[in-house]
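The listed protein sequences correspond, in order, to chains L, U and X.
The first sequence maps to residues 348 to 651 in this note's numbering.
The second sequence maps to residues 101 to 348 in this note's numbering.
The third sequence maps to residues 3 to 370 in this note's numbering.
Where a beta carbon is used, it is the ideal one built from N, C-alpha and C, also for glycine.
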Amino acid sequence: MIAVQAQNITKKFLQNKSEVIALNDISFDVNPGELFGVIGPDGAGKTTLFRILTSLILADSGLAKVDGFDVVTQYKDIRKRVGYMPGRFSLYQDLTVEENLNFFATIFNTSIAENYELIKDIYEQIAPFKDRRAGQLSGGMKQKLALSCALIHRPSVLFLDEPTTGVDAVSRKEFWDMLKRLKTQGITILVSTPYMDEASLCDRIALMQKGKLLGIDTPDEILNQFDNKLWAIKATDMYSLLLALRNDPTINHAYPFGEYHHVIANDENGLKLLANKFNAELKIVQPDIEDCFIALMQDETLSA
Amino acid sequence: MEREKVIEVKELTKKYGDFYATNAITFDVYKGEIFGFLGANGAGKTTAMRMLCGLSKPSSGQATVAGFDVFHNPDDIKRNIGYMSQKFSLYEDLTVKENIRFYSGIYGLSSKQIIEKTTSLLSKLHLEEEKNTLVKSLPLGWKQKLAFSIAIVHNPAIVFLDEPTGGVDPITRREFWEMIYEASARGTTIFVTTHYMDEAEYCNRVSIMVDGCIEALDTPINLKKQFNAKTMDDVFLMLARKAKRQAD
Amino acid sequence: MKQFLVFVRKEWSHIWRDPKTLFILFGMPIVQITIFGFALTNEVKNAQIAIVDPSKDVSTTALINRIEASRYFEVKDYVTSYNEIEEKFKEGKIKIAIVLPQDFNATLAHTNTAQIQIIADASDPNTATVLTNYASAIIQDWQTDLNKKKKLPYTITSELRMLYNPELKGAFNFVPGVMAMVLMLVSTLMTSIAIVREKELGMMEVLLVSPLKPIIIILAKTIPYLLLSLVNIISILLLSVFALELPIAGSLPLLIGLSLLFTITSLSLGLLISSVTNSQQVAMLISLMGLFLPTLMLSGFMFPIENMPLPLRILSNAVPAKWYYFIVKAVMIKGLGLKAIWKETSILIGMTVFLLVVSIKKYNVRLS
Chain L
348 MIAVQAQNIT KKFLQNKSEV IALNDISFDV NPGELFGVIG PDGAGKTTLF RILTSLILAD
408 SGLAKVDGFD VVTQYKDIRK RVGYMPGRFS LYQDLTVEEN LNFFATIFNT SIAENYELIK
468 DIYEQIAPFK DRRAGQLSGG MKQKLALSCA LIHRPSVLFL DEPTTGVDAV SRKEFWDMLK
528 RLKTQGITIL VSTPYMDEAS LCDRIALMQK GKLLGIDTPD EILNQFDNKL WAIKATDMYS
588 LLLALRNDPT INHAYPFGEY HHVIANDENG LKLLANKFNA ELKIVQPDIE DCFIALMQDE
648 TLSA
Chain U
101 MEREKVIEVK ELTKKYGDFY ATNAITFDVY KGEIFGFLGA NGAGKTTAMR MLCGLSKPSS
161 GQATVAGFDV FHNPDDIKRN IGYMSQKFSL YEDLTVKENI RFYSGIYGLS SKQIIEKTTS
221 LLSKLHLEEE KNTLVKSLPL GWKQKLAFSI AIVHNPAIVF LDEPTGGVDP ITRREFWEMI
281 YEASARGTTI FVTTHYMDEA EYCNRVSIMV DGCIEALDTP INLKKQFNAK TMDDVFLMLA
341 RKAKRQAD
Chain X
3 MKQFLVFVRK EWSHIWRDPK TLFILFGMPI VQITIFGFAL TNEVKNAQIA IVDPSKDVST
63 TALINRIEAS RYFEVKDYVT SYNEIEEKFK EGKIKIAIVL PQDFNATLAH TNTAQIQIIA
123 DASDPNTATV LTNYASAIIQ DWQTDLNKKK KLPYTITSEL RMLYNPELKG AFNFVPGVMA
183 MVLMLVSTLM TSIAIVREKE LGMMEVLLVS PLKPIIIILA KTIPYLLLSL VNIISILLLS
243 VFALELPIAG SLPLLIGLSL LFTITSLSLG LLISSVTNSQ QVAMLISLMG LFLPTLMLSG
303 FMFPIENMPL PLRILSNAVP AKWYYFIVKA VMIKGLGLKA IWKETSILIG MTVFLLVVSI
363 KKYNVRLS
């Protein structure tokens, strides 16, 4: 059985007297036990999508099912069995760690003890602070607590909406390690994130931009679909190099990419000449998810 | 030739009771540099930035920004710098044009200059069609670029950017950084904090704060050599993992 | 049931751990009662009075003694000449002056008439009227006493009796009004804020994606405030009885019961407000500006409804506090029982049921 099913989901909002298409004909499936990433920047529609799947808002058209239950007609069943962690840490700031966990356990008709095994790895890290108010925890600890609260009733599907946004790099890594360990428990996990580097940690990903699905596949497959040779070039004066690349007619696309600029060229010779001129290091590299995203975004803009 | 220093910081400390938010930090920033100021949340980045912007009084130490002392002339500092943060930069319920006019006015531009700047900004950002649109209707990427342009509308010597590219799509992020490059090429010094480690690579030099102290300060290339790391991300993780202080 | 209890416990924690909430819940009622009960009163006491007494004879002395003895006046100055008092008025040192004529006693004895002039500072006309009335009353009293010694036929005197509140204590008016205000404030304002706060913090999303039934959320949010309102009612009553010396004439259980009814009315209003907004500020604005203020004006507490133009009089019938105010006065001050106020009580019950039904229906199971 498919864990999460979305078919032709469309959602429009009225914003400042103009219509905004938040989700444009989105369709995808998530298999049980999958770690599924929804990758996209602000405005992509990730939160809207998650809210529709958790039955919080109604789509304008299309169908969605979670664990076989329809999000519109059978929302009560869905709300009993999913875990949801919306952005900004879903915790009561003035309740302690333990009070928060106990609260969520009780409203899901369970107790902390019943499913403690599931959250043990995570909760143990914050257990020493169990009498501290949630508002006084660090970002990383809040994350762990929020995750524990979302898991305490052993949901079959877990929805995490941008759980790593605004959190420091170390905690981000730790969080994804926790998610990987959860997979072994058979919980289906949907995570949304704007960070492209987190995409490679998922089983499958959906790339979204402005309400549209740019691509959906395993990270490796998406990388395979990148059908251009990708060059990386580095020189002392990166800015001048960039301007020069832009001005060169044989260069298809050039953009900064950390230490190197990434270049897609129609004609390699033009590029090599430029490299010589700037005394630059030039090499071929494998594309990154971000390169794919950029390429897909551009295709989208061209076809629009 | 001695490079001109636009920011000089010596043993700058901010303490709250027994807690040292920043602990005797020392560094300089040169004119035209893109200076990356990194650190985990709670490491003391924000505190340091606020002191340098004249928003908060240090407990001890010395610092001058654009030639003005942070203790005695914070108002002069404010007049000579630009500032943009992710949380606030523009008035959402004013139009693009109104925001430009407002901030230009605040920064002391003359009426004639305001008109000139408005026209040139709108054209450069390709926002002529949107000049009467409320900022809140703009996509995030456009907002960020507009906010940056407005932050430097008065040609300040230094512009402070507090995590300016959070949540923005990859293409817009790069367009934003190209604007930073351009400003830097014109001689504006850029002091930027960011969570994206690839952006650290765009900086001339980078400092990393851990537990209130500066644990690393050098060019990205040298830092990677020093820590035997492949990417700035690895450098950062190595340092941040040593942190005893929990993030905010 | 466990869900309900854990939710109520959470709400208690929110209330007790937030100093601002505690202040509104407990501080405000006490502050209001104290201000209204002690400080604000439209009685006038110890008004500064000057007396011009050129003759200084037996009669004037007798009259002046009377004036001094009353608690309304404090005689500041005895002057002999008329001109001196104008200065005193200008300086604001006196609010009223009584001018006695030359040879007062002699004139009175020989001609059976005399003229006394009362001059008042009417820049505050209300106070001036009150003071001149007091002064006239004292003089009248004295005159009556004088006349007892003489024979005067067919004099009609009116005797005044102030029912229920013979001493005309202002507190009698204010305490019922304050009770209505405080209950509205605590119940409506705090309930609406408590619910909207969940929405604003984003917690409502999390609560909705759970097996919690909406009715449990509603009950758990309102019951703590119901109990707190009970505490407030009792403290106000205690304050009125012991600090303001305002006795409870009627049945105490009836009074508390009807107050609880009004509390539920206010809670339902709070619920209704919370379903129309997602912002705590807006909820606060609606509660204060949209409800509290009109209630203050139209309940009959500050201004008599009978004096208002017809449209406002009709409108005031829709204000629940108006009915409650009436009920409290009836039970607390007049000592009446349920039989006398069944009509008002039924109206209040009807309003409550209506509001509850509407607000529960409007409660959203999804994010709007």
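For residue i: DSSP bridge partner residues
i, result
"X:F212", "Here residue 212 of chain X turns out to be Ser, not Phe, going by the sequence shown. The partner list for X:S212 (beta bridge, DSSP) is empty, contrary to what the question assumes."
"X:L357", "Beta-bridge pairing links X:L357 to no other residue."
"X:A99", "X:A52, X:I121"
"L:Y439", "None; L:Y439 has no bridge partner."
"L:W578", "L:V610, L:I631"
"L:Y586", "Bridge partners of L:Y586: none, in fact."
"L:I356", "L:I373"
"U:D262", "U:S185, U:T293"
Residue nearest to residue i in terms of C-alpha spacing, selected from the options
i, options, result
"U:G182", "U:K105, U:K110, U:L261", "U:L261"
"X:D126", "X:K97, X:I141, X:K201", "X:K97"
"L:L361", "L:L370, L:D574, L:Q354, L:N355", "L:L370"
"X:I69", "X:I141, X:M183, X:V177, X:L287", "X:I141"
"L:E366", "U:R274, U:M297, U:S237", "U:S237"
"X:L271", "X:R11, X:M186, X:K92, X:N135", "X:M186"
"X:V8", "L:I356, L:G409, L:L448, L:L382", "L:L448"
"U:D175", "U:L209, U:R103, U:K157", "U:K157"
"L:N575", "L:V632, L:E647, L:M644", "L:V632"
"X:T279", "X:V198, X:T36, X:W325", "X:V198"
"X:A182", "X:L256, X:V367, X:P31, X:A52", "X:P31"
"U:Y130", "U:T294, U:T319, U:A340", "U:T319"
Contacting residues, own chain, Cβ-Cβ under 8 Å from residue i (five flanking each side not counted)
i, result
"L:I563", "F375, R551, I552, A553, L554"
"X:T115", "T109"
"U:D169", "Q162, A163"
"L:S587", "F625"
Delimiting residues of the alpha helix (DSSP H) encompassing residue i
i, result
"U:E275", "270-285"
"L:G486", "486-498"
"X:L2", "Given a span of 3 to 370 for chain X in the structure shown, any question on residue 2 of chain X remains unanswerable."
"L:T401", "Premise fails: L:T401 is in no alpha helix (DSSP H) and is neither H nor E."
Extent of the continuous beta strand (DSSP E) run through residue i
i, result
"L:R551", "551-556"
"L:K630", "628-632"
"U:C313", "313-318"
"U:P174", "Looking at the DSSP string, U:P174 is not in any beta strand (DSSP E); the run it does join, the alpha helix (DSSP H), is 174-180."
"L:G384", "382-386"
Contacts around residue i, its chain only, beta-carbon distance under 6 Å, and the 5 residues preceding and following it disregarded
i, result
"X:A196", "K223"
"L:A406", "I356, K358, I399"
"X:W144", "L65, R68"
"X:T62", "D55, L102, F106"
Outcome for residue i when other beta-carbon atoms lying within 10 angstroms are tallied against a minimum of 16
i, result
"L:G392", "buried"
"X:D55", "buried"
"L:V385", "buried"
"U:P264", "buried"
"L:T531", "exposed"
"X:M3", "exposed"
"X:F25", "exposed"
"X:P178", "buried"
"L:S650", "exposed"
"U:A143", "buried"
"U:A347", "Only weak support exists for where U:A347 lies, its pLDDT of 48 falling under 50; the coordinates are left without a value."
"L:P541", "buried"
"X:T82", "exposed"
"L:Y470", "buried"
Contacting residues, own chain, Cβ-Cβ under 7 Å from residue i (five flanking each side not counted)
i, result
"L:L621", "A591, L592, D595"
"X:G352", "none"
"U:Q186", "D262, E263, P264, G266"
"X:F28", "none"
"L:Y607", "A579, I580, K581"
"U:K243", "L190, V235"
Checklist line | Short-range partners of chain C found in the region 468-481 of chain L, where Cβ spacing is below 8 Å | finding: Here the protein chains are L, U and X, and chain C is not one of them.
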